[in-house]
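> Chains as they are written, first to last, in the working numbering: chain A, 1 to 113; chain B, 1 to 114.
Virtual Cβ for every residue (Gly too), placed ideally from N, Cα, C.
Nothing here was measured: the structure is a model prediction, and the numbers come from that model.
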């Protein structure tokens, strides 16, 4: 029972580079989410997806791109990383049996130099 | 729109003492309320949730929370904490009619000392 996994767990990159963070879940949950966690802000929603090929913006979507070609995967891409995108990124998912509850991955700590 | 305020950024407490972590929310619609816990270097884990019914909700690890609609609060309590309860605790709210979006508070760091 792998649940929800994220890769890489740690990433250091430079300003201007493209970075993709991966999220994979084995529950066949229809909904998936990306959050960033910053000190003093808690978690803020970047993008979410209700199903394959359906995505929508959250609170802080600028500078990020998502795709969802398969139900189990929800990659997050920083097309041109900036220092302000240094953060811990969490992926989450939820299914139809518990429509009110999100389950979180372990997170990816991204540092942009 | 909803918002969540966690009044204490840090709460230090000695082992076996009781603790209360405060959470207030603001919303013009009916809400669901949640507490998540984040242990060091880990993701968030659901501690408990209030959907409807009894206003006193019991969760994992001996935690409980009480929904108070008139005070728009959802404070988390534990009668006797352990060293292992040291973690970051997040209160969150979602619209009952649209659970797509969870709004989180800024978190409370619970530090339990021996």
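For residue 40/A, which of helix, strand or coil comes out of DSSP?
For the purposes of this step, residue 40/A is taken as the residue at position 40 of the first chain. Coil.
> Nearest chain A C-beta to residue 47/B closer than 8 Å, yes or no?
As a position in the second chain, residue 47/B is number 47, starting the count at 1. It does not; no Cβ of chain A falls within 8 Å.
> Could you tell me the distance, in whole angstroms, from the CA atom of residue 60/A to the CA atom of residue 48/A?
As a working mapping, residue 60/A is identified with position 60 in the first chain. As a working mapping, residue 48/A is identified with position 48 in the first chain. Computed Cα separation, rounded: 11 Å.
> Do we get a CB-CB distance below 8 Å when we pair residue 78/B with the residues of chain A?
Within the second chain, numbered from 1, the residue matching residue 78/B stands at position 78. No, residue 78/B does not count as interfacial toward chain A.
> Helix, strand or coil, according to DSSP, for residue 9/B in the structure here?
Numbered from its first residue, the second chain carries residue 9/B at position 9. Coil, per DSSP.
> What residue from 30/A, 97/A, 64/A, 39/A has the CA that sits closest to residue 53/A's CA?
One-based indexing of the first chain puts residue 53/A at position 53. The option with the nearest alpha carbon to residue 53/A is 30/A.
> Determine the DSSP secondary structure at residue 83/A, reduced to helix, strand or coil.
The residue labelled residue 83/A in the question sits at position 83 within the first chain. Helix at residue 83/A.
> For a contact defined as C-beta to C-beta under 7 Å, what are the partners of residue 42/A on chain B?
To locate residue 42/A, count along the first chain from 1; it is residue 42. Within chain B, the residues near residue 42/A are 90, 104, 105, 106, 107.
> Leaving out five residues on either side along the sequence, give the residues of the same chain with a beta carbon under 7 Å from the beta carbon of residue 31/B.
Here the question's residue 31/B lines up with position 31 in the second chain. The answer, listed in chain order, is 2, 25, 93, 94, 95, 96.
> Alpha carbon to alpha carbon, how far is residue 46/B from residue 87/A? Give it in angstroms, no decimals.
Looking up residue 87/A in the first chain gives position 87. Looking up residue 46/B in the second chain gives position 46. Straight-line Cα distance between these residues: approximately 22 Å.
> Taking one C-beta from the region 71-90 of chain B and one from the region 37-46 of chain B each time, how about it: are there three or more such pairs within less than 8 Å?
These segments touch.
> Tell me which residues share the same chain as residue 90/A and place their Cβ nearer than 7 Å to its Cβ, disregarding the 5 neighbours each side in the sequence.
Indexing the first chain from 1 puts residue 90/A at position 90. Correct list, in chain order: 35, 37, 43, 104, 105, 107.
> Less than 8 Å between CB atoms is the rule here; does residue 45/A satisfy it with respect to chain B?
By 1-based counting over the first chain, the position of residue 45/A is 45. Cβ-Cβ to chain B under 8 Å: yes for residue 45/A.
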